[in-house]
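S.K.:
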Amino acid sequence: MKAILLALSLAQPLPLSPAPPELSQLKWLIGDWSCRIQFHDPERSIVSRWTYALDLDGYCLTLTTQQLGGAPGRAIAHIVWDASAKTFVQLRVDKRSWMVLTRRSLDADHWDWIGTRTSQEGQRPVLIHDTRKSDREFTFRNERDGRNTEEATCTRL
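Following our numbering, the numbering of the sequence shown begins with 14 at its first residue and continues without gaps.
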């Protein structure tokens, strides 16, 4: 038994593979953003602060959002690179739902995410169109069940 414990204590940890270089495509997002979001059905708008940061030694881009004013709202998303599928994968969670999305395009300025949204209402398809306008601005539009449910403009703080 001592020999096994000694062997385990002398064992070298496996070297980590380097962080996926594909995440560097999204580095321009790192930092704080102010997002004006217009929801449809029912019509309403909010302002939210979005913060992107590299996490897990560069293996993950993490997004945290915080609604400003009105009822508090918060969400968290993690974006990783799936090397076997050669695509980005995103898990987005808030108190009402969660989504698992894959990025359909690798265009640096247009990102189409497709996946499912799961909530108390069940599971539904979702499509998110993001467009990089500049290093200081991007827009997005969400579709659920073929309907435009929200759109936003985000500007760097």
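Every residue gets a Cβ at the ideal spot worked out from N, C-alpha and C, and that includes glycine. All of these numbers come straight from a predicted model, not from anything done at the bench.
1) If you follow the beta strand (DSSP E) that Arg149 is in, where does it begin and where does it stop?
2) Work out the CA separation of Ser97 and Trp46 for me, nearest whole Å.
3) Quick one: is Arg49 buried, meaning 16 or more other Cβ sit within 10 Å of its Cβ, or exposed?
4) Are the CB atoms of Arg105 and Ala90 nearer to each other than 8 Å?
5) Which same chain residues end up closer than 7 Å to Arg149 when comparing Cβ atoms and leaving out the 5 residues on each side of it in sequence?
6) Relative to the C-alpha of Asp143, which residue among Gln133, Ser132, Gly135 and Ala121 is closest?
7) Thr131: which of Ile59, Glu163 and Asp107 sits nearest, CA to CA?
8) Can you give me the C-alpha to C-alpha distance between Pro55 and Thr75, rounded to a whole angstrom?
M.R.: Reading off the structure:
1) From DSSP, Arg149 is part of no beta strand (DSSP E); its letter is neither H nor E.
2) 31 Å
3) exposed
4) yes
5) Thr168 and Arg169
6) Ala121
7) Asp107
8) 29 Å
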